[in-house]
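With the first letter of the sequence shown counted as 1, position 49 gets the number 48 in our numbering; the numbers rise by one all the way through. One structure is given here, and the rest of the page talks about it.
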Amino acid sequence: MTTTIFYSTEMPNEQAKVTGGIPTKPMRWHVGYVVKTPDGSTVVQGEKTIQRATFEELRAVMNHTIDVIGDEVGNEATFVSWRATAHGGKKGKRGKRK
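See below:
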């Protein structure tokens, strides 16, 4: 199963859009993020991999990351977005007889 989380400051109520089921166990997340300034230039565009984090831990890590980046650009960001993707593991012994 694949889970994708998309967060943007331009979304209603600044809530994340989740596609797929939220995993109950810690997963490995691939995250890409973009921060833009008022003049429209992209200040930061990066990627990172977060090892073994739950959905709540992922949001906390990304909130902290965005706060740090915001401090670096002088808290002048007008647009912030990030997308995280996690893929479930393989199910063993599928279709085999006991």
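Built from N, CA and C at the ideal position, the CB exists for glycine as well.
Pick from the options: whose alpha carbon is nearest that of residue i?
i	options	result
Gln14	His86, Val79, Val34, Gly87	Val79
Met61	Ile49, Thr1, Ala76	Ile49
Trp28	Asp38, Val34, Thr36, Glu46	Glu46
Pro22	Arg51, Ala76, Asp70, Gly39	Arg51
Ser7	Ala85, Thr77, Thr84, His86	Thr77
Val67	Val34, Ala83, Asn12	Val34
Ala83	Pro37, Gln44, Leu57, His63	Leu57
Name, in chain order, the residues that DSSP records as bridge partners for residue i.
i	result
Gly35	Before going on, a small fix: residue 35 reads as Lys here, not Gly. Its beta-bridge partners are Thr41, Phe78.
Glu115	With the chain covering 0 to 97 only, the question about residue 115 has no answer from this structure.
His86	Thr1
Ala52	Met26
For the beta strand (DSSP E) containing residue i, name the first residue and the last one.
i	result
Val17	16 to 18
Thr8	Here Thr8 belongs to no beta strand (DSSP E), and DSSP marks it neither H nor E.
Could you round the C-beta distance between residue i and residue j to whole angstroms and report it? I think they count as a contact, below 8 Å.
i	j	result
Thr2	Gly31	The pair is not a contact, with the Cβ atoms about 15 Å apart (cut-off 8 Å).
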